[in-house]
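In what follows, a structure is listed as structure tokens, so that the remarks can point back to it.
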Amino acid sequence: MKKYLQKLGKESKKATLKKIDTKTKNKVLLKFVYLLKKNSNKILRQNKKDIKFAKLKDISKNLITRLEVNKSKLSSIIKTIIDITKLKDPVGVILDRWQRPNGLKIKKISIPIGVIAVIYESRPNVTVDLSCLCFKSGNSVILKGGSEAFFTNKIFVKLFRESLKAYKINMNYVQFVERKDRKIVNHLLKDMKSYIDVMIPRGGKNLVQTVKKLCNVPVIGHLEGICHTFIDKNIDIKMASNVVVNAKMRSVGICGATETLLIHKDCPKKEINLIINDLKNNGCLIYADKKVRKIFSGNLKKATNEDWNKEYLDAKISVKIVKNVKEAVQHINKYGTMHTDSIITNNITNADYFIRNVTSSIAMHNTSTQFADGGELGFGGEVGISTNKLPPRGPVGLNQLVSFKYHVAGNGQIRK
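Put into structure tokens, the structure is as follows:
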């Protein structure tokens, strides 16, 4: 098993030695689009195999939804690839330049990171996003998808490798770990330091915790998406309700879904009732603090302190009354996970305070937390969301998958 992974690592490092120009990169991606369209029925058949096995394993409905690839999702995947071809190549960009008093000329130039390994669960579209983004940013990638998406992941990687081969590019820019043994993850985390430059986990809390605990190379990722929306007292109620319902209910299983709703104590009772009713009418189960339950005319579940720490990934939300924007920020910074948090307000001063003081990697004003997504922010997709304080933070897209070097040029200067 260890030898198998080390062979993948060696091949990945070897692949990155030959640099690919932007025009060829985009040709490969467009060839991939062509092959996805040509093989769409095969892809859907392979995905049905995965769904069948997932149901036999009694995997949650939420995960099966993530796993499914239908014609609509495939069209969305193809659109993402086309968007990536339109983005500027992030490699070889002069990020900054200056000259020192002694005549030395210095440039800061973007370069690929090297070999990226990704361990992920359920979502086969991640296979496509990772392959395309890593390749265009000059990185090779080793993919370890979940066993529940094995057949779909495998055909996606096969088609991408065919696209590379069509332009005589080393197919090992993208490699797929085909071994299903769970022990292979431990080897990937502990025994690949000589080959892997960065590890990215995408999945549930247990997976990410394991990766962060055991991995001996830098990790980009987040444990949970406990996202908040704060309703201030100065709002457009129709907009506020629309945003809250979307932030919670559009897709309850994504990390950018709002899990806690905070409401200003001076928000009119009528408005609070309207927002909560809109959530309930959309099938959301509500856990509320004592103040909310006193205001609301219907029955609500009682919220406990544990509920402020919950990432439901379901049609459930915690609701709490707070004194003001400062208390909202305090709550978010205590219980949040530095993912995505939003304020709904017409008060610019409060909005500025919120944006400046929440520790979130993505802070929003008058919009849905469900926009916490690389594609939605114009990154052409993402390899994940980073809640690390060190960069990259937020959605990790094309421009976040590069490092840099300094080029120092002189004409014979020596240091005194």
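Position in the sequence shown (first residue = 1) + 3 = the working numbering. Beta carbons are placed, not taken as given, at the ideal position from N, Cα and C, and that holds for glycine.
Measure the Cβ-Cβ separation of residue i and residue j and say whether it is below 8 Å.
{"i": "PRO398", "j": "GLY377", "result": "yes"}
{"i": "HIS225", "j": "SER389", "result": "yes"}
{"i": "LEU264", "j": "VAL322", "result": "yes"}
{"i": "GLN502", "j": "SER15", "result": "Nothing can be reported for residue 502, as the shown portion of the chain is limited to 4 through 419."}
{"i": "MET4", "j": "HIS190", "result": "yes"}
{"i": "ASP292", "j": "PHE154", "result": "no"}
{"i": "ILE203", "j": "VAL121", "result": "yes"}
{"i": "LYS28", "j": "LYS183", "result": "no"}
{"i": "ALA375", "j": "GLY259", "result": "yes"}
{"i": "GLY339", "j": "SER363", "result": "yes"}
{"i": "ILE278", "j": "ILE234", "result": "yes"}
{"i": "ILE199", "j": "GLY12", "result": "yes"}
{"i": "LEU70", "j": "ALA57", "result": "yes"}
{"i": "ASN349", "j": "ASP239", "result": "yes"}
{"i": "ALA250", "j": "SER134", "result": "no"}
{"i": "TYR3", "j": "ALA18", "result": "Any property of residue 3 remains undetermined from this structure, which presents the chain solely from 4 to 419."}
{"i": "ASN369", "j": "ILE347", "result": "yes"}
{"i": "ILE145", "j": "PRO395", "result": "no"}
{"i": "ASN42", "j": "LEU136", "result": "no"}
{"i": "ILE158", "j": "ILE62", "result": "no"}
{"i": "ASN50", "j": "VAL72", "result": "yes"}
{"i": "ASP132", "j": "VAL386", "result": "yes"}
{"i": "PHE407", "j": "LYS216", "result": "no"}
Which one of the options has the shortest CA to CA distance from residue i?
{"i": "GLY286", "options": "ALA260, VAL295, SER63, MET252", "result": "MET252"}
{"i": "ARG100", "options": "HIS410, GLN416, LEU167", "result": "HIS410"}
{"i": "LEU282", "options": "LYS28, ASP269, GLY301, LYS171", "result": "GLY301"}
{"i": "GLN1", "options": "GLY141, HIS334, ARG182", "result": "With the chain covering only 4 through 419, there is no way to say anything about residue 1."}
{"i": "LYS305", "options": "LYS319, ARG126, ARG103, ILE289", "result": "ILE289"}
{"i": "ILE314", "options": "ASN209, VAL96, ILE46, THR348", "result": "One detail in the question is off: residue 314 reads as Glu in this sequence, not Ile. Of ASN209, VAL96, ILE46, THR348, the residue nearest in Cα terms is ASN209."}
{"i": "LEU167", "options": "PHE407, LYS21, VAL386", "result": "LYS21"}
{"i": "PRO93", "options": "ASN105, SER113, GLN102", "result": "SER113"}
{"i": "THR232", "options": "SER150, THR343, LYS45, LYS272", "result": "THR343"}
{"i": "LYS34", "options": "LYS55, ASN276, LYS408, ALA169", "result": "ALA169"}
{"i": "ASN156", "options": "ARG126, ARG185, LYS91, MET174", "result": "ARG126"}
{"i": "GLU227", "options": "ASN391, LYS408, LYS272", "result": "ASN391"}
{"i": "THR88", "options": "LYS419, PHE407, LEU401", "result": "LEU401"}
{"i": "ARG418", "options": "LYS272, LYS216, ARG103, ASN128", "result": "ARG103"}
{"i": "VAL361", "options": "GLN333, GLU379, LEU380, GLY381", "result": "GLN333"}
What number of angstroms, rounded off, separates the C-alpha of residue i from the C-alpha of residue j?
{"i": "ASN280", "j": "PRO221", "result": "45 Å"}
{"i": "VAL188", "j": "ILE266", "result": "43 Å"}
{"i": "GLU274", "j": "LEU316", "result": "26 Å"}
{"i": "LEU192", "j": "ASP86", "result": "32 Å"}
{"i": "LYS30", "j": "ILE119", "result": "22 Å"}
{"i": "GLU124", "j": "LYS329", "result": "37 Å"}
{"i": "CYS218", "j": "GLU165", "result": "31 Å"}
{"i": "ARG359", "j": "GLY413", "result": "42 Å"}
{"i": "LYS319", "j": "LYS40", "result": "37 Å"}
{"i": "THR83", "j": "GLY415", "result": "49 Å"}
{"i": "ASN65", "j": "GLY256", "result": "6 Å"}
{"i": "CYS270", "j": "LYS236", "result": "4 Å"}
{"i": "THR68", "j": "THR261", "result": "19 Å"}
{"i": "VAL180", "j": "LYS6", "result": "13 Å"}
{"i": "THR130", "j": "LYS26", "result": "22 Å"}
{"i": "PRO115", "j": "GLY206", "result": "25 Å"}
{"i": "ILE97", "j": "ALA152", "result": "40 Å"}
{"i": "MET195", "j": "ASP24", "result": "28 Å"}
{"i": "GLN9", "j": "VAL247", "result": "47 Å"}
{"i": "VAL295", "j": "VAL36", "result": "50 Å"}
{"i": "SER254", "j": "GLN373", "result": "8 Å"}
{"i": "TRP311", "j": "ASN276", "result": "21 Å"}
{"i": "ILE80", "j": "ASN44", "result": "15 Å"}
{"i": "LEU107", "j": "SER150", "result": "54 Å"}
{"i": "THR307", "j": "PHE357", "result": "25 Å"}
{"i": "SER197", "j": "GLY117", "result": "12 Å"}
{"i": "ALA243", "j": "VAL160", "result": "42 Å"}
{"i": "LEU90", "j": "LEU380", "result": "13 Å"}
Could you tell me which residues DSSP puts in a beta bridge with residue i?
{"i": "MET367", "result": "SER345"}
{"i": "CYS230", "result": "THR261"}
{"i": "SER321", "result": "THR263, TYR290"}
{"i": "GLY397", "result": "SER389"}
{"i": "HIS410", "result": "LYS110"}
{"i": "GLN373", "result": "According to DSSP, which records beta bridges pairwise, GLN373 is partnered with nothing at all."}
{"i": "VAL177", "result": "VAL144"}
{"i": "VAL405", "result": "PRO115"}
Beta-carbon of residue i versus every beta-carbon of chain C: anything under 8 Å?
{"i": "ILE145", "result": "The structure shown contains no chain C; it holds only a single protein chain."}
Report task. Note down, one range per segment and in chain order, each alpha helix (DSSP H) of at least 4 residues found wholly within the segment 50-74. Result -> Taking only runs of at least 4 residues, the alpha helix (DSSP H) segments lying wholly in the segment 50-74 are 64-70.
**Report entry** Every unbroken alpha helix (DSSP H) inside the segment 98-161 [4 residues or more]
**Finding:** Segments of the alpha helix (DSSP H) lying fully in the segment 98-161: 128-139.
Requested in this report: Within the segment 195-228, note down every full beta strand (DSSP E) run reaching 3 residues or more, in order along the chain.
Outcome: Complete beta strand (DSSP E) runs here, min 3: 201-205.
Query raised in the report: Which parts of the segment 281-311 are runs of the alpha helix (DSSP H), unbroken and 4 residues or longer, counting only runs that do not cross its ends?
Result: Complete alpha helix (DSSP H) runs here, min 4: 293-298.
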